[in-house]
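For the protein sequence lines, the chains are W and X, in the order given. Counting in my numbering, the first sequence runs from 52 upward without gaps. Counting in my numbering, the second sequence runs from 144 upward without gaps. Every residue, glycine too, gets a C-beta built ideally from N, C-alpha and C. Note that the coordinates shown come from a computational prediction; the quantities given were computed from them, not determined experimentally. Written below as structure tokens is the structure these notes are about.
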Amino acid sequence: MNNFKLFKRQTVNELSTFYSFLIGFIIAIIIGSIILLIQDKNPIDTFSLMLRLSVGSVNSLSSSLNKAIPLILAGLGISIINSVKLWNIGAEGQIFLGAIAVNFIYINTQFNNPSFHILVLLLAGFVGGSVCILIPAITKVVFGVNEIITTLLTNYIVFGVTIFLINGPWKDPNSLNFPAAAYVGEEVFLPTVFGKLSFGFLICILFTFLAHYLKNKSVFGFEMRIAGGSTMTAIYAGINAKQKAFIAMLIGGGFAGLAGAIELLSQTHRVSTGISQGFGYTAIIVAAITGMRPLGIFLVGSLFGALSIGGSVIQTIGVSTYIADIIQASTLFGALIIQFFFTYQIKRVEND
Amino acid sequence: MIDIQLIGLLNATLQAATLLFIAALGELITEKSGILNLGVEGMISVGAVTGFMTAINTENIFLAVLVGVLSSSIFASIHALVTVVLKQDQTVSGLILTILGLALSSLLGKNYVGRKLVTKLESVSSITEPSNIIEVLISQNIIFYLAVVLMISTSFVLKRTMFGRRLEAVGEDSKSSDSMGLKVAKTQFIATCVGGAFAGLSGVYLTLSYVPYWTDNMTSGRGWIALALVIFGGWKPYRTALGALLFGFLEALVPRLQTYGFELSPYIVKITPYVITILVLVILTIYKGGKTGAPRNIGVPFFRENR
Numbered sequence: 052m053n054n055f056k057l058f059k060r061q062t063v064n065e066l067s068t069f070y071s072f073l074i075g076f077i078i079a080i081i082i083g084s085i086i087l088l089i090q091d092k093n094p095i096d097t098f099s100l101m102l103r104l105s106v107g108s109v110n111s112l113s114s115s116l117n118k119a120i121p122l123i124l125a126g127l128g129i130s131i132i133n134s135v136k137l138w139n140i141g142a143e144g145q146i147f148l149g150a151i152a153v154n155f156i157y158i159n160t161q162f163n164n165p166s167f168h169i170l171v172l173l174l175a176g177f178v179g180g181s182v183c184i185l186i187p188a189i190t191k192v193v194f195g196v197n198e199i200i201t202t203l204l205t206n207y208i209v210f211g212v213t214i215f216l217i218n219g220p221w222k223d224p225n226s227l228n229f230p231a232a233a234y235v236g237e238e239v240f241l242p243t244v245f246g247k248l249s250f251g252f253l254i255c256i257l258f259t260f261l262a263h264y265l266k267n268k269s270v271f272g273f274e275m276r277i278a279g280g281s282t283m284t285a286i287y288a289g290i291n292a293k294q295k296a297f298i299a300m301l302i303g304g305g306f307a308g309l310a311g312a313i314e315l316l317s318q319t320h321r322v323s324t325g326i327s328q329g330f331g332y333t334a335i336i337v338a339a340i341t342g343m344r345p346l347g348i349f350l351v352g353s354l355f356g357a358l359s360i361g362g363s364v365i366q367t368i369g370v371s372t373y374i375a376d377i378i379q380a381s382t383l384f385g386a387l388i389i390q391f392f393f394t395y396q397i398k399r400v401e402n403d
Numbered sequence: 144m145i146d147i148q149l150i151g152l153l154n155a156t157l158q159a160a161t162l163l164f165i166a167a168l169g170e171l172i173t174e175k176s177g178i179l180n181l182g183v184e185g186m187i188s189v190g191a192v193t194g195f196m197t198a199i200n201t202e203n204i205f206l207a208v209l210v211g212v213l214s215s216s217i218f219a220s221i222h223a224l225v226t227v228v229l230k231q232d233q234t235v236s237g238l239i240l241t242i243l244g245l246a247l248s249s250l251l252g253k254n255y256v257g258r259k260l261v262t263k264l265e266s267v268s269s270i271t272e273p274s275n276i277i278e279v280l281i282s283q284n285i286i287f288y289l290a291v292v293l294m295i296s297t298s299f300v301l302k303r304t305m306f307g308r309r310l311e312a313v314g315e316d317s318k319s320s321d322s323m324g325l326k327v328a329k330t331q332f333i334a335t336c337v338g339g340a341f342a343g344l345s346g347v348y349l350t351l352s353y354v355p356y357w358t359d360n361m362t363s364g365r366g367w368i369a370l371a372l373v374i375f376g377g378w379k380p381y382r383t384a385l386g387a388l389l390f391g392f393l394e395a396l397v398p399r400l401q402t403y404g405f406e407l408s409p410y411i412v413k414i415t416p417y418v419i420t421i422l423v424l425v426i427l428t429i430y431k432g433g434k435t436g437a438p439r440n441i442g443v444p445f446f447r448e449n450r
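Here it is, written out as structure tokens:
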């Protein structure tokens, strides 16, 4: 009698993550098409419209890349924290607190040099993100409280604080219908470099290489991997695993906070609920789908940015924007399924 | 006056607790088998919207509950497929289940936002304004009593039946269970789908009675609080129920604080349950010194080494 058995492959193809992503994306497009067909929409027309409106012109391409900035930065933050085998589900909150920190510093300080002013505000965003993850980091390192739940819950807390600020102390009296804080002055707007493309994208490129270096080339990156691996190895190597985990979390949170600062200084120009539209959650997909590789996060983040722009513009023809979310999530599910075939082998064996 | 307020508080506590408890109990069963499903939020949402849609279209409340429960269960089977059959990372899969569930339910419910239900899940007794504790207890929604039944039967099944013992064995040590001849994958698959069904029941309770209407993201983190409740309850049904009552009480108390003379911003009031959840988790972890009662194999994919 023949029987099928599962074997773990000795070697896994180096490009398996890339292939899984590619096939996952195709699966997701098929799922998206089915949903569109159910809604009586032509998938080819819809997707080609999405493509044209997201990358078809300099303007739309730069909007797409602008949209990618928070996805990439938050994704990089998640990947750094994952080096110590911890999860950051709180990027959404960190983005908001980054923006809040920027506004707080903007209101309370005076600078004559605009470039220096912007630099200080970007730094404030980074620190804001770190502060946001401080409680989950302390409770994880000191008491061992599950960081997945605490980082997630901080999202709701920070969002509540944002709503409080823009309806209370920071409420702009000129903004009647839509609660928001007052606009920041034009002198601190991030400049554009090409079309509508924000200077933030250059920061994004810089931080991608920074994260790549930190994770893969630096001593700290090596120590993080050891700290995230076996406890005994870390002890033998004389590495303070808790300290590494703590620092990794603060840096990772800072990346997401920086995303919030860039969003405020280049897109919304004020604190409102529009600072993030679920970027922190999409960033989790971006980071996971690339196997936490910074360069991959940059590429997939750019693609998903375009997908989000495409998703938001097809609203005009009556297609729900959630189609973009569904395609992004399905891509990861598809990739996970394909990844199985790269790591395992199904063999037929003779039964005795 | 105080009495009526207290009665109202008790009533609201029980309702909020029911919602949290059913989802938490489902997750407890899933986690007992060694599978961590972070998709509770998404599963509740899917159950909530499919149940609501069925109720609007058919006006048949039992069918609505059934559809909600089944669709959440089927939705959970994606997680089972990816983690149990294909042995992929449970954290990633669960998280994406939440994101997918929220997006999918927003897409499905687009044309149902703001619509009014003709038939709701009703209370079983005819008492509309309970005046004492007994009357509160006997005038609850049918789902409340169902939750009590589920609590007792789950505890019984886990402790006293072969299925429950197998489930626990698989969650504690899947390798030994496998060599003893237990079907690890099958057990985990079923447990994940049962967890989804419970989340779906919690979801239909949300849209067919607790709120009752449909808007985007109306689960507002309850799935995550349910996950925290499992840890709080040390993976035990009765203790999880106790936790649900505590959190239900907080959810019910917070909007009432103003009537008791506390001056608080409603926006700050809204975040208190989340702050308290974190505090409770911290206190609990310190108190138990790391011995949380978690199944030993949780989150570890089972793979039989073939030679």
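Looking at the C-beta of Ile-208 (chain W), does it have a partner C-beta in chain X at a distance below 7 Å?
Here residue 208 (chain W) is taken as the residue at index 157 of the first sequence, counted from 1. So yes, Ile-208 (chain W) belongs to the interface.
Leu-88 (chain X): which of X:Ser-249, X:Leu-396, X:Ala-384, X:Phe-195 sits nearest, CA to CA?
Chain X is shown only over 144 to 450; residue 88 (chain X) falls outside these bounds and no answer can be derived.
Would Leu-122 (chain W) and Gly-356 (chain W) qualify as a contact pair, given that the criterion is a beta-carbon distance under 7 Å?
As a working note, residue 122 (chain W) is residue 71 in the first sequence. As a working note, residue 356 (chain W) is residue 305 in the first sequence. Yes, they are a contact pair.
Are the segment 274-281 of chain W and the segment 139-150 of chain W in contact at 8 Å, needing three or more beta carbon pairs?
no
Which class does Asn-451 (chain X) belong to by DSSP, given the choice of helix, strand or coil?
As displayed, chain X neither begins before 144 nor continues past 450, which places residue 451 (chain X) out of reach and without an answer.
Name the chain W residues that come within less than 7 Å of Trp-367 (chain X), Cβ to Cβ?
As a first step, residue 367 (chain X) is located in the second sequence; it is residue number 224 there, counting from the start. Per Cβ cutoff of 7 Å: Ile-200, Leu-203, Leu-204.
Taking the alpha-carbon positions, what's the Ala-395 (chain X) to Leu-388 (chain X) distance?
The residue you call residue 395 (chain X) lines up with position 252 of the second sequence. The residue you call residue 388 (chain X) lines up with position 245 of the second sequence. In a straight line, the C-alpha of Ala-395 (chain X) is about 10 Å away from that of Leu-388 (chain X).
Given a limit of 9 Å on CB to CB distance, which residues of the segment 254-269 of chain X reach chain W?
none
Could you tell me whether the segment 299-313 of chain X touches the segment 147-154 of chain X, using the rule of 3 or more Cβ pairs below 8 Å?
no
With a threshold of 16 other CB atoms inside 10 Å of the CB of Arg-450 (chain X), please say whether the residue is buried or exposed.
The residue given as residue 450 (chain X) occupies position 307 in the second sequence. Legend: pLDDT at Arg-450 (chain X) = 46, less than 50; position of this residue unreliable, value from coordinates given subsequently. Label assigned to Arg-450 (chain X): exposed.
I'd like the list of long-range same chain contacts for Met-144 (chain X), defined as Cβ closer than 7 Å, with 5 residues on each side in sequence excluded.
Looking up residue 144 (chain X) in the second sequence gives position 1. In this prediction, Met-144 (chain X) has a pLDDT of 46, which is less than 50 and means its spatial position is unreliable; what the coordinates show is noted afterwards. The answer is none, since no qualifying residue turns up.
Classify Met-144 (chain X) as helix, strand or coil using the three-state DSSP reduction.
For the purposes of this step, residue 144 (chain X) is taken as residue 1 along the second sequence, with counting starting at 1. Confidence is the limiting factor: at Met-144 (chain X) the pLDDT is only 46, short of 50, which leaves the residue's position unreliable, though a coordinate-based value still follows. In the structure shown, Met-144 (chain X) sits in coil (DSSP, three-state: anything other than H, G, I, E or B).
What number of angstroms, rounded off, separates the C-alpha of Leu-241 (chain W) from the C-alpha of Gly-211 (chain W)?
Within the first sequence, residue 241 (chain W) is the residue found at index 190, counting from 1. Within the first sequence, residue 211 (chain W) is the residue found at index 160, counting from 1. Going by the C-alpha atoms only, they are around 27 Å apart.
Under 9 Å between beta-carbons, which chain W residues line up against Leu-407 (chain X)? List them in chain order, please.
To locate residue 407 (chain X), count along the second sequence from 1; it is residue 264. The contacting residues do not exist; Leu-407 (chain X) stays about 11 Å from chain W at best.
Classify Lys-92 (chain W) as helix, strand or coil using the three-state DSSP reduction.
Stepping through the first sequence from its first residue, residue 92 (chain W) is reached at position 41. In this structure, Lys-92 (chain W) counts as coil in the three-state DSSP scheme.
How would you list, in chain order, the residues of chain X whose beta-carbon sits under 7 Å from the beta-carbon of Tyr-373 (chain W)?
One-based indexing of the first sequence puts residue 373 (chain W) at position 322. Per Cβ cutoff of 7 Å: Ala-246, Ser-249, Leu-250.
Rounded separation between Ile-419 (chain X) and Ala-159 (chain X) - CA only:
For the purposes of this step, residue 419 (chain X) is taken as the residue at position 276 of the second sequence. For the purposes of this step, residue 159 (chain X) is taken as the residue at position 16 of the second sequence. Going by the C-alpha atoms only, they are around 16 Å apart.
What does Gly-364 (chain X) reach in chain W if we use C-beta pairs closer than 9 Å?
Position 221 of the second sequence, counted from the first residue, corresponds to residue 364 (chain X). Those are Leu-203, Leu-204, Asn-206, Tyr-207, listed as they occur along chain W.
Outcome for Glu-238 (chain W) when other beta-carbon atoms lying within 10 angstroms are tallied against a minimum of 16
As a position in the first sequence, residue 238 (chain W) is number 187, starting the count at 1. The residue is exposed, with fewer than 16 neighbouring Cβ atoms inside 10 Å.
Spell out whether any CB of chain X is found under 7 Å from the CB atom of Ala-339 (chain W).
Start at 1 with the first residue of the first sequence, and residue 339 (chain W) comes out as number 288. Closer than 7 Å to some Cβ of chain X, the Cβ of Ala-339 (chain W) qualifies, so yes.
Min CB distance Val-443 (chain X) to chain W below 7 Å:
Here residue 443 (chain X) refers to the residue found at position 300 when the second sequence is read from its first residue. Chain W contact via Cβ: absent.
Can you list, in chain order, the stretches of the alpha helix (DSSP H) that have 4 or more residues and sit fully within the segment 260-342 of chain W?
270-279, 282-287, 292-314, 330-340
Cβ of Tyr-410 (chain X) within 7 Å of any chain W Cβ:
If you number the second sequence from 1, residue 410 (chain X) lands on position 267. True, the Cβ-Cβ gap to chain W drops below 7 Å.
Below 8 Å, can you find three or more Cβ-Cβ pairs linking the segment 143-155 of chain W to the segment 321-328 of chain W?
Three or more beta-carbon pairs separated by less than 8 Å link the segment 143-155 of chain W to the segment 321-328 of chain W, which places the two stretches in contact.
Proximity to Leu-128 (chain W) [Cα-Cα], best of W:Arg-344, W:Ala-375, W:Ile-374, W:Thr-394
Your numbering for residue 128 (chain W) matches position 77 in the first sequence. Position check: residue 128 (chain W) holds Gly in this sequence, whereas Leu was assumed. In this structure, W:Arg-344 is the residue among W:Arg-344, W:Ala-375, W:Ile-374, W:Thr-394 with its C-alpha nearest to the C-alpha of Gly-128 (chain W).
With a 10 Å radius around its C-beta and 16 neighbouring C-beta atoms as the bar for buried, classify Met-323 (chain X) as buried or exposed.
Counted from its first residue, the second sequence places residue 323 (chain X) at position 180. It counts as exposed.
Whole-angstrom Cβ separation of Ala-310 (chain W) and Phe-330 (chain W), contact assumed at under 8 Å?
Against the first sequence, residue 310 (chain W) aligns to sequence position 259. Against the first sequence, residue 330 (chain W) aligns to sequence position 279. Rounded, the Cβ-Cβ distance is 7 Å, consistent with contact.
Cα separation between Ala-167 (chain X) and Lys-295 (chain W)?
Walking along the second sequence from the start, residue 167 (chain X) turns up at place 24. Walking along the first sequence from the start, residue 295 (chain W) turns up at place 244. Answer to the nearest angstrom: the Cα atoms are 33 Å apart.
Whose C-alpha, out of W:Ile-184, W:Ile-290, W:Leu-383, W:Asn-228, is nearest the C-alpha of Ser-236 (chain X)?
Position 93 of the second sequence holds residue 236 (chain X). It is W:Leu-383.
Could you pull the start and end residues of the beta strand (DSSP E) that Phe-245 (chain W) belongs to?
The count along the first sequence starts at 1 and reaches residue 245 (chain W) at position 194. That run of the beta strand (DSSP E) goes 243-245.
Proximity test, Cβ basis, 7 Å: Phe-55 (chain W) and chain X
Stepping through the first sequence from its first residue, residue 55 (chain W) is reached at position 4. No, Phe-55 (chain W) does not count as interfacial toward chain X.
For Val-425 (chain X), which option in X:Leu-407, X:Leu-372, X:Leu-209 has the closest C-alpha, if you only look at C-alpha atoms?
Residue 425 (chain X) sits at position 282 when you count from the first residue of the second sequence. Checked all of X:Leu-407, X:Leu-372, X:Leu-209; the closest Cα to Val-425 (chain X) is X:Leu-372.
Below 8 Å, can you find three or more Cβ-Cβ pairs linking the segment 380-397 of chain W to the segment 346-354 of chain X?
Touching, no, given that fewer than three Cβ pairs across the two stretches are closer than 8 Å.
How is the alpha helix (DSSP H) around Thr-226 (chain X) delimited, first residue to last?
Looking up residue 226 (chain X) in the second sequence gives position 83. Thr-226 (chain X) -> no alpha helix (DSSP H), and no H or E assigned at all.
Output, in chain order, the set of chain W residues within a Cβ distance shorter than 9 Å of Ser-317 (chain X).
Locating residue 317 (chain X) in the second sequence gives position 174, counting from the first residue. What Ser-317 (chain X) touches in chain W: nothing, since even the nearest Cβ is about 14 Å away.
Would Arg-103 (chain W) be called buried (16 or more neighbouring beta carbons within 10 Å of its own) or exposed?
Position 52 of the first sequence, counted from the first residue, corresponds to residue 103 (chain W). Burial call: exposed.
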